[in-house]
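Numbering (the numbering used here), first residue to last: 258 to 391.
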Amino acid sequence: MNPTEALVMTSFQRTSAGDTRSRVLVVDDDLQTRCLLEILLQGEGLETALAENGQQALEIVKSFKPQLILLDLMMPGMTGFEVVKKLKMDPDTQSIPIILVSSLEDRASRLQGLKAGAEEFLTKPIDHTDLQIR
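Okay, structure coming up:
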(Lines of atoms letter the chains of each structure in order from A and count residues from 1; the text may use other names and numbers.)
(Lines give C-alpha, C1' and ligand atoms only; values in the text may rest on other atoms or scores of the structure.)
Protein backbone atom coordinates (compact mmCIF):
# COMPACT_ATOMS: atom_id res chain seq x y z
CA MET A 1 0.00 0.00 0.00
CA ASN A 2 1.50 3.34 -1.02
CA PRO A 3 1.27 6.43 1.25
CA THR A 4 -1.65 7.88 -0.68
CA GLU A 5 -3.66 4.67 -0.36
CA ALA A 6 -2.89 4.59 3.35
CA LEU A 7 -4.13 8.16 3.70
CA VAL A 8 -7.33 7.33 1.86
CA MET A 9 -7.93 4.28 4.05
CA THR A 10 -7.31 6.13 7.33
CA SER A 11 -9.56 8.99 6.25
CA PHE A 12 -12.33 6.70 5.09
CA GLN A 13 -14.39 6.44 8.27
CA ARG A 14 -17.82 4.89 8.36
CA THR A 15 -20.40 6.74 10.37
CA SER A 16 -21.42 4.94 13.54
CA ALA A 17 -25.09 4.61 14.44
CA GLY A 18 -25.05 7.60 16.80
CA ASP A 19 -22.82 9.85 14.68
CA THR A 20 -24.75 12.64 13.00
CA ARG A 21 -21.79 14.46 11.41
CA SER A 22 -22.18 15.40 7.78
CA ARG A 23 -19.95 13.46 5.38
CA VAL A 24 -17.89 15.10 2.64
CA LEU A 25 -15.97 13.29 -0.08
CA VAL A 26 -12.90 15.20 -1.28
CA VAL A 27 -11.63 14.21 -4.73
CA ASP A 28 -8.37 15.70 -5.98
CA ASP A 29 -5.25 14.25 -7.60
CA ASP A 30 -3.07 16.64 -5.59
CA LEU A 31 -2.21 15.19 -2.17
CA GLN A 32 -1.55 18.61 -0.62
CA THR A 33 -4.98 19.90 -1.69
CA ARG A 34 -6.71 16.77 -0.35
CA CYS A 35 -4.97 17.10 3.00
CA LEU A 36 -5.68 20.84 3.28
CA LEU A 37 -9.38 20.33 2.55
CA GLU A 38 -9.53 17.43 4.99
CA ILE A 39 -8.06 19.59 7.76
CA LEU A 40 -10.45 22.47 7.02
CA LEU A 41 -13.52 20.23 6.87
CA GLN A 42 -12.68 18.17 9.94
CA GLY A 43 -12.04 21.44 11.78
CA GLU A 44 -15.67 22.28 11.04
CA GLY A 45 -16.76 18.96 12.56
CA LEU A 46 -17.37 17.18 9.27
CA GLU A 47 -16.46 13.59 8.50
CA THR A 48 -14.29 13.21 5.41
CA ALA A 49 -13.21 10.60 2.90
CA LEU A 50 -10.47 11.23 0.35
CA ALA A 51 -10.09 10.01 -3.23
CA GLU A 52 -7.20 10.78 -5.57
CA ASN A 53 -9.04 10.18 -8.85
CA GLY A 54 -12.48 9.86 -10.39
CA GLN A 55 -12.61 6.08 -10.40
CA GLN A 56 -11.71 5.90 -6.73
CA ALA A 57 -14.38 8.52 -5.98
CA LEU A 58 -17.05 6.47 -7.75
CA GLU A 59 -16.10 3.46 -5.61
CA ILE A 60 -15.95 5.32 -2.29
CA VAL A 61 -19.23 7.20 -2.81
CA LYS A 62 -21.17 3.90 -2.74
CA SER A 63 -20.21 2.97 0.81
CA PHE A 64 -19.34 6.36 2.34
CA LYS A 65 -22.60 7.97 1.18
CA PRO A 66 -21.47 11.61 1.42
CA GLN A 67 -23.84 14.55 1.75
CA LEU A 68 -21.44 16.68 -0.32
CA ILE A 69 -18.65 16.08 -2.83
CA LEU A 70 -15.76 18.49 -3.44
CA LEU A 71 -14.43 17.47 -6.84
CA ASP A 72 -11.32 18.61 -8.68
CA LEU A 73 -12.01 19.40 -12.30
CA MET A 74 -8.72 18.50 -13.95
CA MET A 75 -7.55 15.00 -13.00
CA PRO A 76 -5.77 12.33 -15.04
CA GLY A 77 -7.83 9.42 -16.29
CA MET A 78 -11.29 10.82 -15.65
CA THR A 79 -12.04 14.53 -15.47
CA GLY A 80 -14.32 16.10 -12.90
CA PHE A 81 -16.84 16.73 -15.70
CA GLU A 82 -17.01 12.98 -16.37
CA VAL A 83 -17.37 12.13 -12.68
CA VAL A 84 -20.23 14.62 -12.29
CA LYS A 85 -22.07 13.13 -15.27
CA LYS A 86 -21.69 9.58 -13.92
CA LEU A 87 -22.88 10.57 -10.44
CA LYS A 88 -25.87 12.53 -11.77
CA MET A 89 -26.95 9.61 -14.01
CA ASP A 90 -27.02 7.19 -11.06
CA PRO A 91 -30.30 7.29 -9.05
CA ASP A 92 -28.35 6.46 -5.86
CA THR A 93 -26.02 9.45 -6.18
CA GLN A 94 -27.83 12.00 -8.35
CA SER A 95 -29.07 14.06 -5.39
CA ILE A 96 -25.62 14.53 -3.80
CA PRO A 97 -24.52 18.17 -4.19
CA ILE A 98 -21.20 18.56 -6.00
CA ILE A 99 -18.87 21.53 -5.78
CA LEU A 100 -16.27 21.58 -8.54
CA VAL A 101 -12.86 22.87 -7.51
CA SER A 102 -10.39 24.04 -10.14
CA SER A 103 -7.53 26.36 -10.95
CA LEU A 104 -9.37 27.13 -14.20
CA GLU A 105 -11.10 30.48 -13.95
CA ASP A 106 -12.66 30.77 -17.39
CA ARG A 107 -16.39 31.14 -17.83
CA ALA A 108 -16.61 28.21 -20.27
CA SER A 109 -15.26 25.73 -17.67
CA ARG A 110 -17.67 27.03 -15.03
CA LEU A 111 -20.62 26.72 -17.38
CA GLN A 112 -19.57 23.25 -18.52
CA GLY A 113 -19.35 22.11 -14.90
CA LEU A 114 -22.75 23.53 -14.01
CA LYS A 115 -24.31 22.03 -17.15
CA ALA A 116 -22.85 18.65 -16.21
CA GLY A 117 -24.78 18.87 -12.94
CA ALA A 118 -22.48 20.48 -10.38
CA GLU A 119 -24.16 22.87 -7.97
CA GLU A 120 -21.19 25.18 -7.39
CA PHE A 121 -17.73 26.02 -8.68
CA LEU A 122 -14.82 27.15 -6.48
CA THR A 123 -11.52 28.43 -7.83
CA LYS A 124 -8.15 27.33 -6.40
CA PRO A 125 -6.56 28.36 -4.22
CA ILE A 126 -9.62 27.74 -2.10
CA ASP A 127 -10.65 30.54 0.20
CA HIS A 128 -11.67 29.12 3.59
CA THR A 129 -14.56 31.59 3.90
CA ASP A 130 -15.90 30.70 0.44
CA LEU A 131 -15.81 27.03 1.40
CA GLN A 132 -17.63 27.65 4.69
CA ILE A 133 -20.38 29.62 2.98
CA ARG A 134 -21.05 26.85 0.50
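All C-beta atoms in this analysis are idealised placements derived from N, C-alpha and C, irrespective of residue type, glycine included.
In the DSSP output, what is residue i paired with across the bridge?
i, result
"LEU282", "ALA306, ILE326"
"LEU379", "VAL358"
Flag this pair as yes or no: are the beta carbons of residue i and residue j separated by less than 9 Å?
i, j, result
"VAL341", "ASP285", "no"
"PRO348", "GLU377", "no"
"LEU282", "PHE338", "no"
"ILE356", "LEU325", "yes"
Comparing C-alpha positions only, which one of the options sits nearest to residue i?
i, options, result
"SER360", "ALA373, ARG367, LEU298, THR380", "THR380"
"PRO323", "CYS292, MET346, SER352, MET335", "SER352"
"ARG393", "LEU328, CYS292, GLU301, LEU315", "Outside the displayed range of the chain (258 to 391) lies residue 393, so it cannot be described from this structure."
Counting C-beta neighbours from all protein chains within 10 Å, is the total for residue i 16 or more, i.e. buried, or is it exposed?
i, result
"GLY370", "buried"
"LYS372", "exposed"
"ALA375", "buried"
Continuous alpha helix (DSSP H) assignments of at least 4 residues falling wholly in the segment 287 to 368:
Assignment of alpha helix (DSSP H) within the segment 287 to 368, counting only whole runs of 4 or more residues, yields 288 to 300, 311 to 321, 337 to 346 in chain order.
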